[in-house]
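Novice: In full-length UniProt numbering, the protein residues as written are 1 to 63.
Glycine included, each C-beta is placed from N, C-alpha and C at the ideal position.
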Amino acid sequence: ILKHVKDEESFILGMDPKFARPDWMIITVLPVPPLSVRPAVIMYGSAKNQDDLTHKLADIIKS
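1) So T54 is in the alpha helix (DSSP H); what residue range does that whole segment cover?
2) Is K48 helix, strand or coil by DSSP?
3) Let me check understanding here. Comparing Cα to Cα, which of E8, I26 and P31 lies closest to K18?
4) With DSSP as the reference, label I1 as helix, strand or coil.
5) Considering Cα atoms alone, identify which of K48, L30, D16 and D23 is closest to K56.
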């Protein structure tokens with residue numbers, strides 16, 4: 001739907017069509033760093049937990 005918005009209409013919405021378009025506001029590809037960049041964190045004892053970056057990525061994907 002947003003790809004069909006004309007340049008004149010996006011200008012009325014307050015966006016310069018050269019630099020910002022309504023269809024650019026939707027994330028279609030989300031780059032995810034590999035596990036080696038976001039390793040599991042060892043908690044007290046031998047329990048493991050995911051790092052904060054992994055939790056935030058999961059929150060983004062769930063919403």
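Specialist: Let me spell this out:
1) Numbered from its first residue, the sequence shown carries residue 54 at position 54. Counting along the chain, the alpha helix (DSSP H) containing T54 begins and ends at D52 to K62.
2) In the sequence shown, the residue the question calls residue 48 occupies position 48. The answer is strand: DSSP assigns K48 an E or B state.
3) Numbered from 1 along the sequence shown, position 18 holds the residue referred to as residue 18. For K18, the nearest C-alpha among the options comes from E8.
4) Looking up residue 1 in the sequence shown gives position 1. In the three-state DSSP reduction, I1 falls in the coil class, being neither helix nor strand.
5) Locating residue 56 in the sequence shown gives position 56, counting from the first residue. That would be L30, whose Cα lies nearest to the Cα of K56.
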